[in-house]
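Numbering (the working numbering), first residue to last: 735 to 941.
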């Protein structure tokens, strides 16, 4: 059965991720290769998905999506009459980004890395000096240490993670996650029974 599309409030912006991502992540994590291979936005009129060619353009659309909805004709030569660039289905793993997140400051790069178990995406920023930062505190320390970037504020950097659409996670990953979850729940429920005093074991109080 086809997966239902995300709810209206979640469909504003999407970044698509290939189910083959974990294979790529087996290498050195330090390279921080982004798990996102396609950026897309949904037309507010016809609800069709349009591929956005660059991360910069995607972030520009996302940063003001509430005030300036995305429409197909934003792409040159494209209208709502044209077929969708992407269909919302499980042929790829979809993640939904939050609307109105600010654009990444110039010179920095925002990178999303999908965990191997598809549990979440980790957000990193790569500074112009090549340093990887992963928390608001690290960003604040970096900006304080390098005065040339004082025109930026920690509020310009967001570590909000996109929502992974569970219906589009590869079946084998879902099965593994559910098995692990069941096993974990079972362990929590099992408690060691108290040892009974031999003198009362099996007694009923009968004469």
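For glycine and all other residues, C-beta sits at the position ideal for the given N, C-alpha and C.
Note that the structure is predicted; figures quoted are calculated from it, not measured.
(message) Using 8 Å as the cut-off, can you tell me whether the stretch 799–811 makes contact with the stretch 771–789, which would need three or more C-beta pairs spanning the two stretches below that distance?
(response) yes
(request) Compute the Euclidean distance between the alpha carbons of residue 888 and residue 871, then round it to the nearest angstrom. (result) In the chain shown, counting from the first residue as 1, residue 888 sits at position 154. In the chain shown, counting from the first residue as 1, residue 871 sits at position 137. Roughly 8 Å between the two C-alpha positions.
(message) Contact defined as beta carbons within less than 8 Å: I believe residue 768 pairs with residue 847. What is the distance between those atoms, to the nearest angstrom?
(response) As a working note, residue 768 is residue 34 in the chain shown. As a working note, residue 847 is residue 113 in the chain shown. Rounded, the Cβ-Cβ distance is 7 Å, consistent with contact.
(request) Kindly give me the distance between the Cβ atoms of residue 797 and residue 837, rounded to whole angstroms, as I take these residues to be in contact under 8 Å. (result) Translated into positions along the chain shown, residue 797 becomes position 63. Translated into positions along the chain shown, residue 837 becomes position 103. At roughly 5 Å, the Cβ-Cβ gap stays under 8 Å, so residue 797 and residue 837 are in contact.
(request) Give every residue of the same chain whose Cβ lies closer than 7 Å to the Cβ of residue 883, excluding the five residues on either side of it in the sequence, and list them in chain order. (result) Here residue 883 refers to the residue found at position 149 of the chain shown. Taken in chain order, the residues that qualify are 877.
(message) Give me the residue from 905, 775, 864 with the minimum Cα distance to residue 809.
(response) Residue 809 sits at position 75 when you count from the first residue of the chain shown. The shortest C-alpha separation from residue 809 is found at 775.
(message) Can you give me the C-alpha to C-alpha distance between residue 905 and residue 879, rounded to a whole angstrom?
(response) The residue given as residue 905 occupies position 171 in the chain shown. The residue given as residue 879 occupies position 145 in the chain shown. Going from the Cα of residue 905 to the Cα of residue 879 covers about 46 Å.
(request) Just the C-alpha distance for residue 807 and residue 832, rounded to the nearest angstrom, thanks. (result) Here residue 807 refers to the residue found at position 73 when the chain shown is read from its first residue. Here residue 832 refers to the residue found at position 98 when the chain shown is read from its first residue. Distance between the alpha carbons of residue 807 and residue 832 is about 23 Å.
(request) Tell me whether residue 795 sits in a helix, a strand or coil according to DSSP, three-state version. (result) Within the chain shown, the letter at position 61 stands for residue 795. Helix.
(request) Give the secondary structure of residue 852 by DSSP, where H, G and I count as helix, E and B as strand, and everything else as coil. (result) As a first step, residue 852 is located in the chain shown; it is residue number 118 there, counting from the start. DSSP places residue 852 in coil when its eight states are reduced to three.
(request) On a CA-only basis, which of 834, 822, 858 is nearest residue 794? Give me that one, please. (result) Taking the first residue of the chain shown as 1, we reach residue 794 at position 60. Answer by Cα proximity: 834.
(message) Helix, strand or coil, according to DSSP, for residue 843 in the structure here?
(response) As a position in the chain shown, residue 843 is number 109, starting the count at 1. Strand at residue 843.
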